[in-house]
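If you're matching them up, the sequences are chains V and X in order. Positions in the first sequence are counted from 1; adding 257 to them yields the numbering used here. Positions in the second sequence are counted from 1; adding 1 to them yields the numbering used here. C-beta: ideal position from N, C-alpha, C; glycine also. These figures come from a predicted structure and were not determined experimentally. Structure first, commentary second.
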Amino acid sequence: MNDSTSPQEDIDPRQSAWSPPVSRMKVSDIPEGAMNLNVDGRQPVSPLQGFGQMWQKTFKVRLSGVEMTPAEVMKVWKDNFPKFQPPENRFYPTMSGLKPGEVVLIDAKVPPLPGTPSILPVSTGVLVMYADDTTITVMTPEGHPESGWNTFSTYEEDGVVIAQCQSLCRPNDPLYEFFNRFMGSSAQQDKIWIHVLVSLAEHFGVKEQVATTKVLVDPSVQWGQAKNIWNNAAIRTVFYLLAAPVRWLKK
Amino acid sequence: MAEEKVQMTARKFNNNTSIIDIQGEINAFAENVLMDAYTQATSQGAKNIVLNFSELSYMNSSGIGLLVTLLIRANRQKQSLVAFGLSDHYKQIFELTRLNESIKIYSSEADAIAAAG
């Protein structure tokens, strides 16, 4: 090979599927009902910046009998993205929709202890890092429970359209790692993606089991990232809500 | 299932360094090809692995995910991973995804090899 200093010159039109460079997330258009905390001004993070063990989890469902292309299924998925989420996990895309560079705000409730109701609020969001006809990848900000990417995709396998959610993430800080390992947060997150795929399948009248694969990509934790706890969205959301009376009195 | 549209070969540069030449498209279906090339480089005894993106035609978000898993695998084997030949667009993608903080990017093969040691 050569010492090329001027690589590929032809621009692939698919490059527009990528978000423009984003050093800090900017929320410009707040959808009605969204809390909008812990996102504006935060840096997007990859699986490399988190604290805990890195997992790749893949959830997929076969849409047997659906006579649509993967791109057509993805269009339905994108158009109904918030609707397919469980009720305790509210997604608020901006008016522009799920487009590269857009921010999706999330107001979720998580159970404080395994087996208890989802009552602990977490306000956060994600950046749409990549979106084409069959794939959407979102990237989390600092403070989000996970540091990394979630990819939603559709493709064909043996003549059947497959819908898939795949996460490549580490828990962002030591508290999230503790909850993941010992308090059931990991299983709770799994339930969310299974719910999304079951809802999507039911939208097409399909009843199929969701297949799950989990790979521990990196079993070690990154102690250098323990400081991420400063931005913990769950802690900050609780403090924000506890301080509501003070803010009201100051008005 | 879609087929991979990529070819990768591991070239031994010296006893410590191998170069993986990438030609084509890196997406989810490139996993086996990438890991085979990595295994080949490792079996050549490489402590430094240089990724050559000069002939990359396209990479999607799943492709970036594959690079993360490759990086973790290399780190666990105490191997360094560097890259060269990225277009301006993919340099921006490395910045967006913050992969550039862990995989250093060089403008030429000579620079990448010199930095890899």
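Cβ neighbours of Val467(V) within its own chain (closer than 6 Å, five residues either side excluded): Phe316, Val318, Ile451 and Leu454. Around Ser103(X), the beta-carbon contacts reaching into chain V at under 8 Å are Leu305. Distances from the CA of Thr391(V) to each of Phe436(V), Leu384(V), Ser303(V) and Asp336(V) were compared; the closest alpha carbon is that of Asp336(V). In the pairwise beta carbon analysis, the region 17-36 of chain X is classified as not touching the region 486-499 of chain V: fewer than three pairs are separated by under 8 Å.
At the C-beta level, Gln24(X) and Leu57(X) come within 9 Å of one another.
Around the beta carbon of Ala111(X), fewer than 16 other beta carbons sit within 10 angstroms, so the residue counts as exposed. Around the beta carbon of Phe439(V), a 10 Å sphere encloses fewer than 16 other beta carbons of the protein chains shown; the residue is thus reported as exposed. Distance from the Cα of Ser88(X) is smallest, within the candidate group Asn15(X), Ser108(X) and Ala47(X), for Ser108(X).
In the three-state scheme derived from DSSP, where H, G and I count as helix and E and B as strand, Asp364(V) is classed as strand.
With a contact defined as Cβ atoms closer than 8 Å, Asn485(V) and Glu399(V) qualify at about 7 Å. Secondary structure of Asn295(V) (DSSP, three-state): coil. With three or more CB-CB distances shorter than 8 Å, the region 38-53 of chain X counts as touching the region 75-86 of chain X. Around the beta carbon of Asn33(X), fewer than 16 other beta carbons sit within 10 angstroms, so the residue counts as exposed. Nearest to Ala31(X) by C-alpha distance, out of Ile65(X), Ala116(X) and Leu100(X), is Ile65(X). Here the region 299-314 of chain V lies against the region 420-427 of chain V, with 3 or more beta-carbon pairs under 8 Å apart. Contact annotation: the region 272-290 of chain V touches the region 350-370 of chain V, with at least three C-beta pairs closer than 8 Å. When C-beta distances to chain V are compared with 8 Å, the residues of the region 88-114 of chain X below that value are Ser88, His90, Gln93, Ile94, Glu96, Leu97, Thr98, Arg99, Leu100, Glu102, Ser103, Ser108, Ser109, Glu110 and Ala111, in chain order.
Put simply, of Gln306(V), Ile492(V), Pro344(V) and Asp415(V) the residue whose alpha carbon is nearest the alpha carbon of Pro374(V) is Pro344(V). The straight-line gap separating the alpha-carbon atoms of Arg347(V) and Leu362(V) is approximately 8 Å. A distance of 9 Å or more separates the beta carbons of Pro350(V) and Pro431(V). When secondary structure is reduced to three states using DSSP, Ala388(V) falls in the strand class. Pro398(V) is outside the set of residues whose beta carbon lies under 9 Å from a beta carbon in chain X. For the 9 Å CB-CB criterion, Pro301(V) and Arg99(X) form a contact.
Bridge pairing for Val472(V): Gln313(V) [DSSP]. In this structure, DSSP gives Lys13(X) an extended state, which the three-state scheme calls strand. Within chain X, the residues placing a beta-carbon under 9 Å from that of Trp406(V) are Ser62, Ile65, Gly66, Val69 and Thr98, ordered along the chain.
Asp37(X) counts as exposed, since fewer than 16 other beta carbons sit within 10 angstroms of its beta carbon. When DSSP reads this structure, Ser109(X) sits in no beta bridge, so it has no partner. Judged by DSSP secondary structure, Ser442(V) falls within the alpha helix (DSSP H) whose first and last residues are Ser442 to His460. 9 Å or more divides the Cβ of Gly322(V) from the Cβ of Glu403(V).
Taking C-alpha positions only, Gly86(X) is separated from Ile50(X) by approximately 14 Å. Assigned with DSSP and collapsed to three states, Val330(V) falls in helix.
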